[in-house]
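Novice: First to last, the protein sequences are chains A and B.
So in my numbering, spot 31 of the first sequence is number 29, and the numbers just go up one at a time.
So in my numbering, spot 294 of the second sequence is number 292, and the numbers just go up one at a time.
Backbone N, C-alpha and C define an ideal beta-carbon position, used for all residues, glycine too.
Number of protein chains: 2
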Amino acid sequence: GFKLGKVCPYIEACDIVVGENTCDGKKKSYEILSGLLKDFYVIDLPQMKSDEGKKLLKQEYKKFMTKLEQISGKKITADSLKKGIEITNAKRNAVKRLATLRKANPVPISGLDALLVNQVFFYDDPVRFTESVNKLCDELEERIKNKVGVFPEHTKRLVISGCPMAVPNWKVPWIIETSGATIVGEESCVGERGTQWITEARDNTVDELLDAIVERYFQIDCAIFTPNPSRLEHIKSMVKELKADGVIHYGLQFCQPYIIESHTVENSLEADGIPTLRIETDYGQEDAGQLKTRIEAFVEMLGNK
Amino acid sequence: GFKLGKVCPYIEACDIVVGENTCDGKKKSYEILSGLLKDFYVIDLPQMKSDEGKKLLKQEYKKFMTKLEQISGKKITADSLKKGIEITNAKRNAVKRLATLRKANPVPISGLDALLVNQVFFYDDPVRFTESVNKLCDELEERIKNKVGVFPEHTKRLVISGCPMAVPNWKVPWIIETSGATIVGEESCVGERGTQWITEARDNTVDELLDAIVERYFQIDCAIFTPNPSRLEHIKSMVKELKADGVIHYGLQFCQPYIIESHTVENSLEADGIPTLRIETDYGQEDAGQLKTRIEAFVEMLGNK
Chain A
-1 GFKLGKVCPY
9 IEACDIVVGE
19 NTCDGKKKSY
29 EILSGLLKDF
39 YVIDLPQMKS
49 DEGKKLLKQE
59 YKKFMTKLEQ
69 ISGKKITADS
79 LKKGIEITNA
89 KRNAVKRLAT
99 LRKANPVPIS
109 GLDALLVNQV
119 FFYDDPVRFT
129 ESVNKLCDEL
139 EERIKNKVGV
149 FPEHTKRLVI
159 SGCPMAVPNW
169 KVPWIIETSG
179 ATIVGEESCV
189 GERGTQWITE
199 ARDNTVDELL
209 DAIVERYFQI
219 DCAIFTPNPS
229 RLEHIKSMVK
239 ELKADGVIHY
249 GLQFCQPYII
259 ESHTVENSLE
269 ADGIPTLRIE
279 TDYGQEDAGQ
289 LKTRIEAFVE
299 MLGNK
Chain B
-1 GFKLGKVCPY
9 IEACDIVVGE
19 NTCDGKKKSY
29 EILSGLLKDF
39 YVIDLPQMKS
49 DEGKKLLKQE
59 YKKFMTKLEQ
69 ISGKKITADS
79 LKKGIEITNA
89 KRNAVKRLAT
99 LRKANPVPIS
109 GLDALLVNQV
119 FFYDDPVRFT
129 ESVNKLCDEL
139 EERIKNKVGV
149 FPEHTKRLVI
159 SGCPMAVPNW
169 KVPWIIETSG
179 ATIVGEESCV
189 GERGTQWITE
199 ARDNTVDELL
209 DAIVERYFQI
219 DCAIFTPNPS
229 RLEHIKSMVK
239 ELKADGVIHY
249 GLQFCQPYII
259 ESHTVENSLE
269 ADGIPTLRIE
279 TDYGQEDAGQ
289 LKTRIEAFVE
299 MLGNK
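1. Who are the Cβ neighbours of G249(A) in its own chain at under 8 Å, not counting the five residues just before and after it?
2. What residues from the region 5 to 28 of chain B come within 9 Å of chain A, judged by C-beta to C-beta, listed N to C?
3. What residues in its chain sit with their C-beta under 8 Å from that of M299(B), if we drop five residues either side in the sequence?
4. Do I181(A) and L230(A) have their beta-carbon atoms positioned less than 9 Å apart in this structure?
5. Pairing CB atoms from the region 10 to 19 of chain A with CB atoms from the region 193 to 202 of chain A, are three or more of them under 8 Å?
6. Between K357(A) and chain B, is there a C-beta pair that is closer than 9 Å?
7. Under 8 Å Cβ to Cβ from Y39(B), same chain only, skipping five residues before and after it: list those, please.
8. Give a yes or no on contact between the region 221 to 230 of chain A and the region 216 to 224 of chain B, applying the rule of three or more CB pairs nearer than 8 Å.
9. Thinking Q45(A) and D49(B) are a contact (beta carbons under 8 Å), I'd like their distance in whole angstroms, please.
10. Between V5(B), V146(B) and K26(B), which has its C-alpha nearest V263(A)'s C-alpha?
11. Could you check where the beta strand (DSSP E) with S108(A) kicks off and where it finishes?
12. Rounded to whole angstroms, what is the Cα-Cα separation between P7(A) and L240(A)?
13. What do you get for A164(B), buried or exposed, if any count of 16 or more other CB atoms within 10 angstroms of its CB means buried?
14. Can you look up R155(A) in the DSSP assignment and give me helix, strand or coil?
15. Step through the CB atoms of chain A and report whether any lies within less than 9 Å of the CB of E190(B).
16. Could you work out which residues of chain B lie near I30(A), taking near to mean beta carbons separated by less than 8 Å?
17. Count the other C-beta atoms from every protein chain shown that fall within 10 angstroms of the C-beta of E151(A), then say buried if there are 16 or more, exposed otherwise.
18. With 8 Å as the C-beta to C-beta threshold (strictly closer), list the residues of the region 216 to 240 of chain B near chain A in chain order.
19. Are any of the Cβ atoms in chain B nearer than 9 Å to that of S159(A)?
20. Nearest chain B C-beta to M63(A) closer than 9 Å, yes or no?
21. Entirely within the region 218 to 269 of chain A and at least 4 residues each: give me those alpha helix (DSSP H) ranges in chain order.
22. Provide the residue span of the beta strand (DSSP E) that contains E18(B), from first to last.
23. Given that D42(B) touches chain A, what residues does it touch there, using C-beta distances under 8 Å?
24. What three-state label does DSSP hand T75(B) in the structure shown?
25. Relative to the C-alpha of V157(B), which candidate in I246(B), G301(B) and K52(B) has its C-alpha closest?
26. How many angstroms separate the CA atom of E58(B) from the CA atom of C253(A)?
27. What are the residues in the region 245 to 256 of chain A lying within 8 Å of chain B by C-beta distance?
28. Do we get a CB-CB distance below 9 Å when we pair E58(B) with the residues of chain D?
29. Please tell me whether E190(A) and A97(A) are closer than 9 Å, where the distance is taken between their beta carbons.
30. In terms of DSSP beta bridges, what is E10(A) paired with?
31. Find out if the Cβ-Cβ distance for the pair S177(B), V297(B) is shorter than 9 Å.
32. Can you check whether the CB of E184(A) is closer than 9 Å to the CB of N116(A)?
33. Can you name, in chain order, every residue of its own chain whose Cβ lies under 7 Å from the Cβ of V125(B), other than the five neighbours on each side?
34. For K143(A), is the classification buried or exposed, using 16 other Cβ atoms within 10 angstroms of its Cβ as the cut-off for buried?
35. Leaving out five residues on either side along the sequence, give the residues of the same chain with a beta carbon under 6 Å from the beta carbon of E294(B).
36. If we ignore side chains and look at the alpha-carbon of each, how far apart do K4(A) and E10(A) end up?
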C-alpha cells in the first residue's frame, strides 16, 4: 500500500528492497511487490528449528552477502562483519536497557512512547539511535530515582503480546493508556522478540560469525516457527519481571501464525492465573469504540482481583 | 473439527497422523491437533525451489522413513520403495487417463463425479482405486465413441483453479453444473496439481529413489512455493487442451497462498483473453444463493462472446 501510494520515502529512495519468507502473507505479497520495485531480494527462512533449517539459513545469508557486495561494491570481511555485529548488539542492548527501566513503579515512560522507540529501532541510523536511547535511559533513571512517573503508582500494568505494531499504528496502546492501564512491555516483533537476543560473536572468521548470526536467529520465538513453545515461557517471564497485572494478546487480521497461537497463549496464561484479553483487529479505526469498551472492562476486572 | 467431533473414522482408527508444513494455516493448526492425537508427525517442507530446499526435503523424507520403519516394524528397502513408487505412479496414470477423456465434447462425465474420483484418490487402497478408475475410463471411452455425454454439446466448459475441495465440499461444482456449465478440469490440489507428475524412478538405490521423489515434489506448482510462475502456464495449457470457455478461481477463506495468487492468475488469464471469475468462499452454505447468481451471470457472459 505504501508503495502504491508512494508515501514511504524509504522505499522510493533505496537501491534494493529485501524481504524474508516469514509468513504466507508476506512471502506471497512479495510476488506482487517485486513487480513494482527496481530490485527486490528475498531471503528464504526455515519453518522448523532443525539442523537442516540452520544449513538453509546459513546458505541464504551467504547468498545475501554476495548480493550486498554486488550492489555496494564493498567486500564483506570478518572485520567489517564483526563491526556490524557490535553496532547491532549495542543497539539491542540500548533497547534492553530501556525495557528493564520499565520495571519501575510508577513507570518512568508510557507504553506509547516506549513503543515509538522500538518502532524507530527499524529506521534510524544504528549508532545515532543507540546514543539517543541511552540518553533517554539516563533521563529515565533520574526519574526513577526521584520517583517520577507518567502514570500514578496504582495504575494497572499490562504486557502486550502478539503481532508487530508498525508506525503509525498506535491505536491499541493509545486506547489502553487512556483506559486506566499502562503498558510495561511488548512481547512482539516490534519489541522484545527481535531485540532480546544479542549475537554471541566469539570467533573470528566470516564463516564462524555467520554461524553466530544463525544461532541468534534460531533463538527467536516467532510464531512462524513450528512448534514454538519458548514464546509461552517468555511471556510469563515478562509478566513476572515487569510485575504486570495481565496480558493483552494483539492479533492482526489475516496474520494466521499469531492468531492461531493466541488460543494456546490464552489457555496457558489463564491456567497460570494471568488474566488475558485476546483481541483481533486491523489498521482501521472503525473498531476503536468497541475495543475501548472491551479494554476498559478488562482493566476494571483486573481492579477487582 | 473432524477430530473434535470424532466424525472421521480414519483419524480414530489410525496409528499415526502425518502433516506437512505447507501453509501457515496448516502448520500452526498442527500445534493444536497434535495435543489431541496419540502420535502426530510433521514433515517440514521448503518454501523456495532452491538446492538447499531440496536438501532439507530429502533429509525430512529420510527421517520420515525411519519413523515409518519404527511404527510398522518393517524395513524400507530399494525394492519395497520402488514397488511403492510403481503403485503410486499407476494410480496417478489412472486419474491422468480420466483427465484426458474429459477433453471430449459432449463430456462423458460430470465435473462433480470426476471430482469425487479425485477426492477418493486420497482415501482408497491404491491398487483397488487404480483398477476402479481404469474400469470407469473403459466405460467413458465407450461413451465417447458413441457420442454420449452427461450434458449437451453446447454446454459451456469451465476449468476450476485454486484451493482443494475436500469431501464433502461439493458446493461450488454443484452450483456450476446447475447453472448451464460443466467442469472439464480441476487445477487444484484435489485434481491435477497433485496427480499430473509421476516419479521418474530410473535408478535403484534407496538414496537415488529418494532423489527421484524429491525431484517430483519440486515440480508441483503449489502456491506455498514462492515464486510460483509455472502454475500460470499450467492453467493456460489446461484451458487450451480441454477447450474450456473460462476459468473459475476458487479460494477458501484464510487460505492466503491461493487468495494472494488469485490476483496474478486473474490478471494473467484475462490478458490472454480467458474469462475468469474469482470467488472466495468457505465450507458453509450461507453464500450459496449469492454464488449461484454470480456464477450464472458469468456463464451467461461466456455465451455472449
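Specialist: Taking the structure as given:
1. By 1-based counting over the first sequence, the position of residue 249(A) is 251. Around G249(A): G160, C161, Y256, I257, S260, R276, I277, E278 and T279.
2. N19, C21, D22, G23, K25, K26, S27 and Y28
3. Counting from 1 along the second sequence, the entry for residue 299(B) is found at position 301. Same-chain partners within the cutoff: P273.
4. Stepping through the first sequence from its first residue, residue 230(A) is reached at position 232. Stepping through the first sequence from its first residue, residue 181(A) is reached at position 183. No. Outside cutoff.
5. no
6. In the structure as shown, chain A begins at -1 and stops at 303. Residue 357(A) is therefore absent and cannot be evaluated.
7. Counting from one through the second sequence, the residue named residue 39(B) turns up at place 41. Closer than 8 Å at the Cβ level, and outside the excluded window around Y39(B), lie I14, V15, V16, G17, F62 and K65.
8. no
9. Here residue 45(A) refers to the residue found at position 47 when the first sequence is read from its first residue. Here residue 49(B) refers to the residue found at position 51 when the second sequence is read from its first residue. In fact, because the Cβ distance is near 18 Å, the residues do not count as touching under 8 Å.
10. By 1-based counting over the first sequence, the position of residue 263(A) is 265. The candidate whose alpha carbon is nearest that of V263(A) is K26(B).
11. In the first sequence, counting from the first residue as 1, residue 108(A) sits at position 110. From DSSP, S108(A) is part of no beta strand (DSSP E); its letter is neither H nor E.
12. Position 9 of the first sequence, counted from the first residue, corresponds to residue 7(A). Position 242 of the first sequence, counted from the first residue, corresponds to residue 240(A). The alpha-carbon atoms of P7(A) and L240(A) are separated by roughly 37 Å.
13. Residue 164(B) sits at position 166 when you count from the first residue of the second sequence. Exposed is the call here.
14. Start at 1 with the first residue of the first sequence, and residue 155(A) comes out as number 157. In the structure shown, R155(A) sits in a strand (DSSP, three-state: E or B).
15. What you label residue 190(B) is simply residue 192 of the second sequence in a count that begins at 1. Judged by the 9 Å Cβ criterion, E190(B) is not in contact with chain A.
16. Taking the first sequence and counting its residues from 1, the one referred to as residue 30(A) is at position 32. By Cβ distance, chain B contributes I258, H261 and T262.
17. Numbered from its first residue, the first sequence carries residue 151(A) at position 153. Classification for E151(A): exposed.
18. A221, I222, T224, P225 and N226
19. Translated into the one-based positions of the first sequence, residue 159(A) becomes position 161. No, because no Cβ of chain B sits closer than 9 Å to the Cβ of S159(A).
20. For this step, residue 63(A) is matched to residue 65 along the first sequence. So, not an interface residue.
21. 228 to 239 and 254 to 269
22. Sequence index remark: in the second sequence, residue 18(B) carries index 20 (1-based). It spans V15 to E18 - the beta strand (DSSP E) in which E18(B) sits, taken as one unbroken run.
23. Position 44 of the second sequence, counting from 1, holds the residue named residue 42(B). By Cβ distance, chain A contributes P44, Q45, M46, S48, E50 and G51.
24. Counting from one through the second sequence, the residue named residue 75(B) turns up at place 77. Coil at T75(B), not helix or strand.
25. Counted from its first residue, the second sequence places residue 157(B) at position 159. For the residues I246(B), G301(B) and K52(B), the minimum Cα distance to V157(B) belongs to I246(B).
26. In the second sequence, the residue the question calls residue 58(B) occupies position 60. In the first sequence, the residue the question calls residue 253(A) occupies position 255. The alpha-carbon atoms of E58(B) and C253(A) are separated by roughly 27 Å.
27. F252, Q254 and P255
28. Note that chain D does not occur in the displayed structure, where the protein chains are A and B.
29. Looking up residue 190(A) in the first sequence gives position 192. Looking up residue 97(A) in the first sequence gives position 99. Contact flag set, yes.
30. On the first sequence, position 12 is the one that residue 10(A) refers to. DSSP lists no partner for E10(A).
31. Sequence index remark: in the second sequence, residue 177(B) carries index 179 (1-based). Sequence index remark: in the second sequence, residue 297(B) carries index 299 (1-based). It is a contact, given that the beta carbons lie within the stated cut-off.
32. By 1-based counting over the first sequence, the position of residue 116(A) is 118. By 1-based counting over the first sequence, the position of residue 184(A) is 186. Yes; because the gap between Cβ atoms is below 9 Å, this pair is in contact.
33. As a position in the second sequence, residue 125(B) is number 127, starting the count at 1. Closer than 7 Å at Cβ, skipping near neighbours: I85.
34. Translated into the one-based positions of the first sequence, residue 143(A) becomes position 145. Exposed, because fewer than 16 other Cβ atoms sit within 10 Å of the Cβ of K143(A).
35. One-based indexing of the second sequence puts residue 294(B) at position 296. Taken in chain order, the residues that qualify are S177.
36. Within the first sequence, the letter at position 6 stands for residue 4(A). Within the first sequence, the letter at position 12 stands for residue 10(A). Answer to the nearest angstrom: the Cα atoms are 7 Å apart.
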